[in-house]
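Counting in the numbering used here, the sequence shown runs from 150 upward without gaps. Idealized CB from N, CA, C, for every residue including glycine.
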Amino acid sequence: MSAALDSVTPSIAHLRSIATPATDYRVLPFGVREIDSRLGAGGLRAGALHEATARSGSLVDDAATTLFLAGIAAREAAATGAPVLWATLEACPIIATCVG
């Protein structure tokens, strides 16, 4: 786990304590064999916590990573009508916003 994620462990523990674990979950495949084959279930598990970071601290890499994740979140929200929890450690100790 990254240092950034370690710093929000109490908040994550609280979210886990109030969440109902899904026993039957969907998988969000990318449709690219080289990517999907490296992910445990053939894609990202829906309704799970995923951490992603930019390759570097540059604005370009940060923007690309943010837009990549926003696209995944938008696809999931559109498919299910469920809210998406978006958390970042930039500019604030923790910001959690429900988008949907």
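Using DSSP with H/G/I as helix, E/B as strand and the rest coil, what is residue 215? helix
Residue 193, DSSP secondary structure in three states: strand
Assuming contact is defined by CB atoms lying nearer than 9 Å, are residue 188 and residue 221 in contact in what I supplied? no
On the DSSP bridge assignment, give the partners of residue 177 in chain order. 193
Proximity winner among 232, 231, 200, relative to residue 217 (alpha-carbon distances): The residue with the shortest Cα to Cα distance from residue 217 is 200.
So residue 177 packs on residue 225, CB below 8 Å; how close in whole Å? 6 Å
When you compare only the Cα positions, how much space is there between residue 234 and residue 156? 17 Å
Could you tell me how far apart the beta carbons of residue 195 and residue 174 are, in whole angstroms, since I believe they sit closer than 8 Å? So it is a contact: roughly 6 Å between Cβ atoms.
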